[in-house]
């Protein structure tokens, strides 16, 4: 249980944060690129709250675990997750604009900090929007910033920075028909570190498209970690609450 939650809230987030966002390097954007990017953002479902059940499978060279998790979200404000067995809560996590909290009872550990702490630790910017985007099938960087261009291949559209960083490569792949996000790829060549976030089939919800599956694969040298997330029973615009209190007697996770 601890590995799954730390994988989602630490490994994945830190892997995303390892690649700095691309600055706007172009004063104008090609009209065709702008249209492709705008059409993609038009596919996003419009909602205020979300409640769902997730099946999460975590795997690394030493561990293979799976768990069912309740997810609640107030869009652009709060992400809340809870895992329980027979009605007993075993682990919870809550992410807001300025705070990241997590605890699990099996090994008795917790983390309570903010994005500034994680950003200082990593030496790069990290924010709530990146985590929310990952869960909603959206690019972890805003493609409308003007720093990206888009082009068509035989099977899909490819969106990339107009000028790739010397430190990493960044690519986004869109479905050529529905313009939904199929895959995000980030690679740091010197560190032999790669992150791929792939999305399964989408379902039409709230006048937009919502991913049914998310597959995260993080590679560093010869180590591979995967996190597979399957959505089950998604409800939109229902009343949601975010009960969260770190129990006493737990040991703080040292990052």
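In mature numbering (1 follows the signal peptide of the UniProt record, and there is no 0), the protein residues as written are -26 to -1, 1 to 229.
A virtual CB, placed ideally from N, CA and C, is assigned to each residue, including glycine.
Output the distance between the C-alpha atoms of residue i and residue j, rounded to the nearest integer angstrom.
i	j	result
residue 129	residue 175	16 Å
residue 8	residue 24	29 Å
residue -12	residue 213	Its pLDDT being 45, under 50, residue -12 is placed unreliably in this model, and the value from its coordinates should be taken loosely. Distance between the alpha carbons of residue -12 and residue 213 is about 32 Å.
residue 172	residue 28	16 Å
residue 184	residue 177	5 Å
residue 124	residue 157	14 Å
residue 120	residue 149	21 Å
residue 1	residue 133	Note that residue 1 scores 35 on pLDDT, short of 50, meaning its location in the model is unreliable; the coordinates nonetheless yield the value given after this. Distance between the alpha carbons of residue 1 and residue 133: 17 Å.
residue 219	residue 104	24 Å
residue -3	residue 140	Any reading at residue -3 must be qualified, since the residue scores a pLDDT of 43, below 50, and its modelled position is unreliable; the value itself is stated next. Cα to Cα, residue -3 sits roughly 15 Å from residue 140.
residue 200	residue 170	10 Å
residue 115	residue 12	14 Å
residue 228	residue 84	9 Å
residue 59	residue 136	48 Å
residue 143	residue 56	34 Å
residue 110	residue 204	12 Å
residue 187	residue 102	21 Å
residue 65	residue 77	6 Å
residue 32	residue 39	5 Å
residue 180	residue 207	14 Å
Taking the beta strand (DSSP E) that residue i falls in, what are its first and last residues?
i	result
residue 38	37 to 48
residue 102	From DSSP, residue 102 is part of no beta strand (DSSP E) but of the alpha helix (DSSP H) over 102 to 110.
residue 129	Neither: residue 129 is in no beta strand (DSSP E) and is coded neither H nor E.
residue 88	First-last for residue 88: undefined, no H or E at that position.
residue 52	52 to 59
Spatial neighbours of residue i within its chain, please: CB distance less than 8 Å, with the 5 preceding and 5 following residues excluded, ordered by chain position.
i	result
residue 209	24, 25 and 26
residue 49	21, 22, 23, 24 and 106
Skipping 5 residues on each side, what residues in its chain have a beta carbon closer than 7 Å to that of residue i?
i	result
residue 195	166
residue 256	Here the chain covers residues -26 to 229 and nothing more, so residue 256 does not appear.
residue 72	88 and 89
residue 112	18 and 155
Does DSSP classify residue i as helix, strand or coil?
i	result
residue 231	A question about residue 231 goes unanswered here, because the residues of the chain that appear run from -26 up to 229.
residue 64	strand
residue 115	coil
residue 235	In this structure the chain extends from -26 to 229, so residue 235 is not present and cannot be described.
residue 10	helix
Could you name the residues of the same chain whose beta carbon sits closer than 6 Å to that of residue i, not counting the 5 residues immediately before and after it, in chain order?
i	result
residue 74	87
residue 274	No answer is possible for residue 274: it lies beyond the span of the chain, which begins at -26 and ends at 229.
residue 189	172 and 202
residue 159	145 and 170
residue 10	124 and 131
residue 46	25, 54 and 214
residue 79	64
residue 162	142
Complete runs of the beta strand (DSSP E) confined to the region 141 to 215 [at least 3 residues]: 143 to 149, 155 to 162, 167 to 173, 176 to 179, 182 to 185, 187 to 194 and 197 to 210
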